[in-house]
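J.: Going down the list, the protein sequences come from chains X, P, A and U. Following my numbering, the numbering of the first sequence begins with 479 at its first residue and continues without gaps. Following my numbering, the numbering of the second sequence begins with 479 at its first residue and continues without gaps. Following my numbering, the numbering of the third sequence begins with 479 at its first residue and continues without gaps. Following my numbering, the numbering of the fourth sequence begins with 479 at its first residue and continues without gaps. Quick reminder that beta carbons are idealized off the backbone N, C-alpha and C, glycines included. Pasting in a structure now, in structure tokens, and then I'll have a few things to ask.
Number of protein chains: 4
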Amino acid sequence: MTKVAAAYFSGSGTTSTTAASVIEGVVAAGAEILDARIIGEDIIEDQRQSDQLATRLDERDAIIFGTPTFIGSVSGQLKTFFDAMAPRWFTQKWRNKVAVGFTASSLAAGDKAGAFTAISAFVMQMDMIWVGTGAGFQENMNTNGFYLGLAQLLQPRSS
Amino acid sequence: MTKVAAAYFSGSGTTSTTAASVIEGVVAAGAEILDARIIGEDIIEDQRQSDQLATRLDERDAIIFGTPTFIGSVSGQLKTFFDAMAPRWFTQKWRNKVAVGFTASSLAAGDKAGAFTAISAFVMQMDMIWVGTGAGFQENMNTNGFYLGLAQLLQPRSS
Amino acid sequence: MTKVAAAYFSGSGTTSTTAASVIEGVVAAGAEILDARIIGEDIIEDQRQSDQLATRLDERDAIIFGTPTFIGSVSGQLKTFFDAMAPRWFTQKWRNKVAVGFTASSLAAGDKAGAFTAISAFVMQMDMIWVGTGAGFQENMNTNGFYLGLAQLLQPRSS
Amino acid sequence: MTKVAAAYFSGSGTTSTTAASVIEGVVAAGAEILDARIIGEDIIEDQRQSDQLATRLDERDAIIFGTPTFIGSVSGQLKTFFDAMAPRWFTQKWRNKVAVGFTASSLAAGDKAGAFTAISAFVMQMDMIWVGTGAGFQENMNTNGFYLGLAQLLQPRSS
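This is the structure we're talking about:
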């Protein structure tokens, strides 16, 4: 059975709602899932918290990274977690794990691309294998047109 | 009087509609505008066409670059025009000109970010000064949330 | 036997030298390789040339995309080939093929990142699976520190 | 007299060495400089620290952002500072300030591009005006070929 983890930070809780849907989808697809939510305060104040979380990710076949988009990139909390993975970067410990990403923000568009840029840069440095969303025409999915990962609009916008 | 040029490629004509609005806005702001539409076939088949167009841009204070977003970046036609600017890159001839960008595509979101990435890379290599759109909250503008340039949705999407 | 193709544009011929090394490596790894060099003039003047090349790529398991870096992104020729793949984007015909990239330029650094950005955007839109280079510490490889793909320095630079 | 600030995070101290050179250059050019080093622990543990720092930046004409490149993007500390600027994003308080960036990392190349991507995304969201480095041919500068900002190699690399 494929072992997947969802490693994500959620601020107000909206990203965690998206994470719940993602987790449900992974389970429905027959894989085992680890819910590895990143608590910002823990990660930042105590390097050991990052290490403990990372140890649980070491044995996974695939990791789903999630974050709100803050001002054109990933949240400071997820970035701080990424930075704490430097020892695993040096040994390329996560080589060949599959990686996907998701993000959420309040506008439909482009600022979310910056979050995917940062996640995919990390993924490439770790020598993981990046899988995007595809166009999803047949399934009437991905109507906003993001391809690097799953992009969630936080709330409908009247314009 | 500030001298501006709009240098853009338009495939089906939708980008040229956006260009017309942009040109109208520049004129309303009291600047002089040069409509420097790039004809793809000319540019690509004959390097002298690019040179002639570029000569007209040399004397401008600011250049607006426009393109449809094709498959996650600028059109091949605009990129071919950029490539033909290599001699001006070498002399940094356009240093300190102001640059802005616009693009159009059929989906609301993220694929257009890649077009801005390519335009801004060119602009930085030319040592021009990049100006984005800003958030536009006060004016109820930029509701899709692009900041590097003006992003136009080609047609409403039923979903 | 895994079937791979190298689809690349080379201007002065330096990129084709890199391509030759890449092809040699693929063969040494036991895979079958198709040398699908893109001739810029053919691609651009005649859409059918792109179609014929693409048909040969349809049956491949993996595609290696290569280009010189021109002014911060892929060459206009490779971008024009990408644009011509729009029908295959619409049907997601290349879904789940593996993709890697390589590029070459005369400076050690950052401008090559823009070429990988454009290639990976295309790859994600096609729903292919992107594989980077990894850090390569053990093998004393990738000393310039590119992770999205193989980055080749065209000539040593005295500074 | 033009008022400039250098707002940067430095981990081991190497980035602060680069910052010292940058500050020296600004002073030599006849501008007034504010050395606004970001202390990671302060920023992250106490939002008021970010607010106090930002208040000092409010009255500046130009801001220089600096960071080490950590695993393909800005440091978590600088990103956390950016995130804390959300109120100023909402009011576009820094509109029309000039912005430049610098970064340092141990490899010559591409991973530093990701740091500039994140800084420039922030700058565009704040509606600031982005100025890069230019090619610097005449001055035998920028030999590594970064254009979005100043890229510093931490230590020579034997290869």
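What's the gap between the Cα of Phe559 of chain X and the Cα of Arg534 of chain P?
T.: Here the question's residue 559 of chain X lines up with position 81 in the first sequence. Here the question's residue 534 of chain P lines up with position 56 in the second sequence. Spanning the two alpha carbons is a distance of roughly 50 Å.
J.: Please go through the segment 573 to 611 of chain U and give each complete alpha helix (DSSP H) segment of 4 or more residues, from N-terminal end onward.
T.: 589 to 603
J.: Apply the 10 Å Cβ neighbour rule to Val500 of chain U and answer buried if 16 or more other Cβ atoms are within range, or exposed otherwise.
T.: Within the fourth sequence, the letter at position 22 stands for residue 500 of chain U. That one is buried.
J.: Identify each residue in the segment 541 to 556 of chain X for which the Cβ-Cβ distance to at least one residue of chain U is less than 9 Å, and report them in chain order.
T.: Phe548, Ile549, Gly550, Ser551, Val552, Ser553, Gly554, Gln555, Leu556
J.: If you follow the beta strand (DSSP E) that Thr545 of chain P is in, where does it begin and where does it stop?
T.: For the purposes of this step, residue 545 of chain P is taken as residue 67 along the second sequence, with counting starting at 1. Counting along the chain, the beta strand (DSSP E) containing Thr545 of chain P begins and ends at 540 to 548.
J.: For Leu535 of chain X, return the contacting residues in chain A, with the cut-off set at a CB-CB distance below 7 Å.
T.: Here residue 535 of chain X refers to the residue found at position 57 of the first sequence. In chain order: nothing, as chain A lies at least about 18 Å away.
J.: Leaving aside the five residues before and after Gly592 of chain X along the sequence, list all residues of the same chain whose C-beta is less than 6 Å from its C-beta, in chain order.
T.: For the purposes of this step, residue 592 of chain X is taken as residue 114 along the first sequence, with counting starting at 1. The residues are Gly550, Ser551.
J.: Quick check: Gln570 of chain X and Asp529 of chain X, are their CB atoms within less than 8 Å of each other?
T.: Here residue 570 of chain X refers to the residue found at position 92 when the first sequence is read from its first residue. Here residue 529 of chain X refers to the residue found at position 51 when the first sequence is read from its first residue. No. Outside cutoff.
J.: Have a look at Gln603 of chain A and Ile516 of chain U and give me their C-alpha separation to the nearest angstrom.
T.: Counting from 1 along the third sequence, the entry for residue 603 of chain A is found at position 125. Counting from 1 along the fourth sequence, the entry for residue 516 of chain U is found at position 38. Looking at the two C-alpha atoms, the distance is approximately 39 Å.
J.: Could you have a look at Ile501 of chain P and say whether DSSP puts it in helix, strand or coil?
T.: As a first step, residue 501 of chain P is located in the second sequence; it is residue number 23 there, counting from the start. In this structure, Ile501 of chain P counts as helix in the three-state DSSP scheme.
J.: Out of P:Ser583, P:Gly489, P:Val601, P:Val505, which has the shortest C-alpha to C-alpha gap to Asp589 of chain A?
T.: Within the third sequence, numbered from 1, the residue matching residue 589 of chain A stands at position 111. Selected option, being the one with the closest Cα: P:Val601.
J.: Tell me whether Gln527 of chain X sits in a helix, a strand or coil according to DSSP, three-state version.
T.: As a first step, residue 527 of chain X must be located in the first sequence, where it is residue number 49. Correct three-state label for Gln527 of chain X: helix.
J.: Classify Arg538 of chain P: buried if its beta carbon has 16 or more other beta carbons within 10 angstroms, exposed otherwise.
T.: As a position in the second sequence, residue 538 of chain P is number 60, starting the count at 1. So Arg538 of chain P counts as buried.
J.: Who pairs with Asp513 of chain X in a beta bridge, going by DSSP?
T.: Here the question's residue 513 of chain X lines up with position 35 in the first sequence. X:Ala484.
J.: Could you spell out the range, first to last residue, of the alpha helix (DSSP H) harbouring Lys557 of chain A?
T.: By one-based count along the third sequence, residue 557 of chain A stands at place 79. For Lys557 of chain A, the enclosing alpha helix (DSSP H) starts and ends at 554 to 561.
J.: What does Gln603 of chain A touch in chain P if you count any residue whose Cβ is under 8 Å from its own?
T.: Along the third sequence, read from residue 1 onward, the residue named residue 603 of chain A stands at position 125. Those within 8 Å of Gln603 of chain A in chain P are Ile549, Gly550, Asp589.
J.: Quick one: list the residues of chain X neighbouring Gly491 of chain A, beta-carbon separation under 8 Å, in chain order.
T.: Stepping through the third sequence from its first residue, residue 491 of chain A is reached at position 13. Going along chain X, no residue has its Cβ under 8 Å from Gly491 of chain A, so there is no contact; the nearest lies around 28 Å.
J.: What distance in whole Å lies between the Cβ atoms of Ser553 of chain P and Asp561 of chain A, which are believed to be in contact at a cut-off of 8 Å?
T.: In the third sequence, residue 561 of chain A corresponds to position 83, counting from 1. In the second sequence, residue 553 of chain P corresponds to position 75, counting from 1. About 6 Å; that satisfies the 8 Å criterion.
J.: With 8 Å set as the bound, which would you pick, yes or no: does the beta-carbon of Phe487 of chain A sit closer than that to a beta-carbon of chain P?
T.: The residue given as residue 487 of chain A occupies position 9 in the third sequence. Phe487 of chain A does not count as touching chain P.
J.: Say whether chain X places a C-beta atom closer than 8 Å to the C-beta of Ala599 of chain U.
T.: Indexing the fourth sequence from 1 puts residue 599 of chain U at position 121. So yes, Ala599 of chain U belongs to the interface.
J.: Go to Ala564 of chain P, then tell me how far its alpha helix (DSSP H) extends in each direction, as first and last residue.
T.: To locate residue 564 of chain P, count along the second sequence from 1; it is residue 86. Taken as a continuous stretch (DSSP letters only), the alpha helix (DSSP H) holding Ala564 of chain P covers 564 to 569.
J.: Met479 of chain U versus chain X: which residues are under 9 Å apart at the beta carbon?
T.: The sequence position of residue 479 of chain U within the fourth sequence is 1, counting from 1. Under the 9 Å cutoff, chain X gives no residues; its nearest Cβ is about 30 Å from Met479 of chain U.
J.: Going by DSSP in three states, Leu626 of chain U sits in which element: helix, strand or coil?
T.: As a working mapping, residue 626 of chain U is identified with position 148 in the fourth sequence. Looking at Leu626 of chain U - three-state DSSP - the assignment turns out to be coil, as it is neither helix nor strand.
J.: Taking only three categories from DSSP, how would you classify Ser490 of chain U?
T.: Translated into positions along the fourth sequence, residue 490 of chain U becomes position 12. Per DSSP, reduced to three states, the secondary structure at Ser490 of chain U is coil, with no helix or strand assignment.
J.: For a contact meaning CB atoms closer than 8 Å, what does Ile607 of chain U contact in chain P?
T.: Position 129 of the fourth sequence, counted from the first residue, corresponds to residue 607 of chain U. Going along chain P in sequence order, the residues near Ile607 of chain U (Cβ under 8 Å) are Ile607, Trp608, Val609.
J.: Are the CB atoms of Val468 of chain A and Ala540 of chain A nearer to each other than 8 Å?
T.: There is no way to answer for residue 468 of chain A, as the model of chain A reaches only from 479 to 637.
J.: Determine which residues of the segment 495 to 521 of chain U have a Cβ less than 8 Å from any Cβ of chain X, and write them out in chain order.
T.: none
J.: Rounded to whole angstroms, what's the CA-CA distance from Thr581 of chain U to Ala629 of chain U? Just pull it up for me.
T.: Position 103 of the fourth sequence, counting from 1, holds the residue named residue 581 of chain U. Position 151 of the fourth sequence, counting from 1, holds the residue named residue 629 of chain U. Answer to the nearest angstrom: the Cα atoms are 5 Å apart.
J.: Using only CA atoms, which one of P:Thr595, P:Gly610, P:Lys481, P:Leu626 lies nearest to Asp536 of chain P?
T.: Here the question's residue 536 of chain P lines up with position 58 in the second sequence. When each option's Cα is compared against that of Asp536 of chain P, the closest is P:Lys481.
J.: So the candidates are P:Ile542, P:Ala599, P:Gly544, P:Ile511; which of them puts its Cα closest to the Cα of Leu626 of chain U?
T.: Counted from its first residue, the fourth sequence places residue 626 of chain U at position 148. Of the listed residues, the one whose Cα sits closest to Leu626 of chain U is P:Ala599.
J.: Thinking C-beta only, is Ala509 of chain P closer than 8 Å to Ala483 of chain P?
T.: For the purposes of this step, residue 483 of chain P is taken as residue 5 along the second sequence, with counting starting at 1. For the purposes of this step, residue 509 of chain P is taken as residue 31 along the second sequence, with counting starting at 1. A distance of 8 Å or more separates the beta carbons of Ala483 of chain P and Ala509 of chain P.
J.: Going straight from the alpha carbon of Gly610 of chain U to that of Ile597 of chain P, what length do you get?
T.: Working through the fourth sequence from its first residue, we reach residue 610 of chain U at position 132. Working through the second sequence from its first residue, we reach residue 597 of chain P at position 119. Between Gly610 of chain U and Ile597 of chain P, the alpha-carbon positions lie close to 14 Å from each other.
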